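The numbering of the sequence shown is the UniProt record's numbering, which starts it at 1 and goes up by one. Cβ coordinates follow ideal geometry from the N, Cα and C atoms, glycine included. Just so we're clear, the structure is a prediction, and the values are computed from it rather than from any experiment.
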Amino acid sequence: MNTHTMCVQNLWSAMSCFTNLCLSERYQQFSRTDGADQMQGLACRHYFCLACWQRYLEWKIMEESQGDRIYCPSYGCNVLIEDESVFRVITNPNVRRRFQKLISNSFVMHNRSLTWCPGADCGYAARCLGPEEPRQINCTNCSESFCFACSQPWHDPVRCDQLKNWLKRVSDDSGTSNWIVANTKECPKCHATIEKSGGCNHMICRNVDCKFEFCWLCLDRWEPHGAGWYKCNRYNEDTAKKARDAQAQSRRNLDRYLFYFNRYFSHLQSLRFEARLYESVQEKMDAMQNSGTSWIDVKFIRKVVDVLCSCRRTLMYTYVFAFFLKKNNHSILFERNQSDLELSTEYLSGLLDRDLCTTSLNELKQKLQDKARYCASRRRVLLEHVDEGYKEGIWEPYDP
């Protein structure tokens with residue numbers, strides 16, 4: 001007997017070897033051949049040929065993405081296969097890399113003090129000791145700045161739960177949902193959404209199982225209206241007021257959402273554009289060094305871009321924070337700080353975007369450094385005010 005009389009080539013047939021049959025007789029026969037060293041077993045004493053082991057493990061790793069929970073292939077056996085045994089059997093480099101990634105990911109996911117860096121193709125994990133709370137992590141590999149608690153890009157001054165809520169609204173296109181509420185009504189009978197496409201107030205529900213006829217203005221049955229096709233003479237104060245109030249509130253909610261979303265998205269776009277400044281700034285720095293300027297005298301430009309991007313990111317998240325914030329005296333002070341930071345950030349952005357390409361860097365140096373320091377200080381003031389508000393409980397949630 002050789003190794004392949006018992007274990008055939010395709011997976012289905014190979015899986016048929018993984019039964020709870022006693023292999024002692026087969027093993028004794030097998031041990032008398034040249035391939036005895038090809039039989040592998042665990043502490044449970046279930047033995048299989050090396051080819052079957054390899055196919056079984058490759059299937060578990062590549063097809064089922066199993067890493068730390070691979071059991072003995074014998075039916076009903078719950079003995080775990082140790083990592084060392086997997087590496088000893090698997091020779092395919094792609095499978096080995098996949099297995100290493102799976103067990104590393106499992107280790108990080110089950111360790112509360114570890115999390116993966118969300119940077120693109122980074123592959124580094126961060127360790128954070130102490131209580132689980134929002135904490136800024138700066139990856140030493142890709143320089144990504146992210147929140148340890150939720151693995152999102154660092155989002156001060158927004159809390160993790162608020163950011164999660166906001167991102168869900170954006171991904172679900174809640175603005176469109178609010179538009180539907182503001183510009184449509186529900187059929188009073190089946191509650192199907194109906195949009196008024198003409199001037200006539202006589203509505204017929206298009207739901208084939210409903211076909212209810214009603215008045216667009218008062219939402220009552222159309223039959224009592226008689227021939228009043230364009231004028232509702234069945235006015236009911238309570239019903240009409242509720243309908244008007246609900247629609248008006250939907251419009252207000254939509255306008256409010258769009259106000260904060262547009263500003264959030266505008267700063268997000270600006271942040272993406274300004275991230276490209278690093279390339280043009282590097283060209284300027286190289287040109288200055290080639291002309292005899294020392295590295296110490298030119299490296300400040302990169303720091304200015306760092307300040308600009310951090311301020312832009314903070315501004316982006318201030319509009320998320322404000323969306324969930326109820327108006328009061330403290331929110332007015334927050335908006336003043338926000339406005340001051342916004343104006344100074346736009347000024348600094350203009351210096352780098354326009355003047356950097358047209359003006360001597362030596363002339364801009366003092367102006368850039370002064371404005372960057374001011375932006376950094378205004379950002380710090382805003383964040384300290386928000387943090388103080390969290391500690392003192394002065395921020396009231398907006399209730400639409």
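Three-state class that DSSP yields for residue i in the structure shown
i, result
"Phe-324", "coil"
"Cys-210", "coil"
"Leu-219", "coil"
"His-155", "coil"
"Thr-91", "coil"
"Lys-189", "coil"
"Ala-287", "helix"
"Ile-394", "coil"
"Tyr-71", "strand"
"Glu-82", "coil"
"Glu-342", "helix"
"Asp-161", "helix"
"Gly-76", "coil"
"Asn-141", "coil"
"Cys-44", "coil"
"residue 404", "No statement about residue 404 is possible, as the shown extent of the chain runs from 1 to 400 and does not include it."
"Lys-367", "helix"
"Arg-313", "helix"
"Gln-66", "coil"
"Cys-122", "coil"
"Asp-399", "coil"
"Lys-168", "helix"
"Ser-280", "helix"
"Lys-60", "helix"
"Lys-299", "coil"
"Ser-294", "coil"
Cβ-based burial, residue i [other Cβ within 10 Å; buried from 16]
i, result
"Met-316", "buried"
"Phe-107", "exposed"
"Asp-34", "Model confidence at Asp-34 stands at a pLDDT of 46, short of 50, so the residue's coordinates are unreliable; what they give is reported in the following sentence. With fewer than 16 Cβ atoms within 10 Å of its Cβ, Asp-34 is classed as exposed."
"Asp-387", "exposed"
"Arg-32", "At Arg-32, the pLDDT of 43 sits below 50, so the modelled position is not reliable; the number obtained from the coordinates is stated separately. Arg-32 is exposed by the Cβ-count criterion."
"Leu-23", "The predicted position of Leu-23 is uncertain, since its pLDDT is 43 and thus under 50; no value can be drawn from it."
"Glu-274", "buried"
"Met-1", "Unreliable placement is indicated for Met-1, whose pLDDT of 37 sits below 50; the coordinate value is still reported in the next sentence. Burial call: exposed."
"Lys-185", "buried"
"Gln-136", "exposed"
"Leu-254", "buried"
"Tyr-230", "Per-residue confidence for Tyr-230 stands at a pLDDT of 44, beneath the threshold of 50, marking its modelled position as unreliable; no derived number is given."
"Val-158", "buried"
"residue 463", "Because residue 463 is not part of the residues shown, which for the chain are 1 to 400, the question remains open."
"Thr-91", "exposed"
"His-155", "buried"
"Met-109", "exposed"
"Phe-146", "buried"
"Ala-43", "exposed"
"His-267", "buried"
"Val-86", "buried"
"Lys-60", "buried"
Beta-ladder partner(s) of residue i, from DSSP
i, result
"Cys-49", "Met-39"
"Met-203", "Phe-214"
"Cys-147", "Gln-136"
"Leu-114", "Arg-127"
"Glu-195", "Thr-184"
Legend entry - Cβ contact check for the region 296-311 and the region 371-378: 3 or more pairs under 8 Å: Output reads yes: the region 371-378 touches the region 296-311.
Inset, instruction - State whether the region 244-263 contacts the region 327-335, with contact taken as three or more CB pairs (one from each stretch) at a distance under 8 Å. - result: no
Inset, instruction - Could you say if the region 147-159 and the region 111-129 meet the contact criterion of at least three C-beta pairs nearer than 8 Å? - result: yes
Inset, instruction - Please confirm if the region 69-80 is in contact with the region 46-60, defined as three or more CB-CB distances below 8 Å between the two stretches. - result: yes
Inset, instruction - Give a yes or no on contact between the region 283-294 and the region 337-347, applying the rule of three or more CB pairs nearer than 8 Å. - result: no
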